[in-house]
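Numbering (our numbering), first residue to last: 34 to 175.
First up is the structure itself, then whatever we jot down about it.
Structure representation (structure tokens):
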């Protein structure tokens, strides 16, 4: 026999652990305002995916978030901690072992922004792509 209200409560611990896991996941995210080396980026990539690091770039503040599992988590952290705006955040993947055009991949669900004219996971606006590349090149040095 269960005490009154037990059934309502029994799902709360599970939800608590879901939230705790999410918070621990977000603890791995780093907000980069000063340059890091490719070696540091390689370490971050190795911790999570091996050959790539997911990154969110704020093109207005010229900062990046790196190290999270999901672009959406990094975007949320930038919005909460740095007051980033959704219109200014773009998701990319960086491949630290690669150079040139193979270093940056413009592919993320957070890039779906129909109100801004971006209707795919890619970054369709060339000017925005160039801003992203410039910020990445300033914050990730060889």
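Think of the CB as a built atom: it goes at the ideal place given N, C-alpha and C, for glycine as much as any other residue.
What is the DSSP secondary structure of residue i, reduced to helix, strand or coil?
| i | result |
| --- | --- |
| residue 93 | coil |
| residue 156 | coil |
| residue 116 | coil |
Do residue i and residue j have their C-beta atoms within less than 9 Å of each other?
| i | j | result |
| --- | --- | --- |
| residue 210 | residue 112 | Given that the chain is displayed from residue 34 to residue 175, the structure contains no residue 210 and the question cannot be resolved. |
| residue 180 | residue 116 | Residue 180 is absent from the model: the chain starts at 34 and stops at 175. |
| residue 149 | residue 95 | no |
Near residue i, which residues of its chain fall below 7 Å by C-beta distance, leaving aside the five closest residues on each side in sequence?
| i | result |
| --- | --- |
| residue 85 | 78, 126, 127 and 128 |
| residue 161 | 92 and 123 |
| residue 104 | 87, 89, 124, 141, 142 and 143 |
Could you check the C-alpha separation between residue i and residue j for me, to the nearest Å?
| i | j | result |
| --- | --- | --- |
| residue 146 | residue 134 | 24 Å |
| residue 114 | residue 132 | 31 Å |
| residue 183 | residue 141 | Residue numbering for the chain in the displayed model covers 34 to 175; residue 183 lies beyond these limits and cannot be assessed. |
Between residue i and residue j, how many whole angstroms is the CB-CB distance? I'm expecting something under 8 Å.
| i | j | result |
| --- | --- | --- |
| residue 143 | residue 100 | At roughly 16 Å, the Cβ-Cβ gap does not stay under 8 Å, so residue 143 and residue 100 are not in contact. |
Using a Cβ-Cβ cut-off of 6 Å (strictly less than) and excluding sequence neighbours within five positions of residue i, which residues of its own chain qualify?
| i | result |
| --- | --- |
| residue 92 | 121 and 164 |
Tell me whether residue i counts as near the ligand GDP, meaning its Cβ is closer than 8 Å to at least one heavy atom of that ligand.
| i | result |
| --- | --- |
| residue 148 | Summarising the ligand content, the structure contains no ligands, and the ligand GDP is consequently not present. |
Strictly under 9 Å for the Cβ-Cβ distance: is residue i near chain D by that measure?
| i | result |
| --- | --- |
| residue 61 | Although the question refers to chain D, the structure presented lacks it and comprises just one protein chain. |
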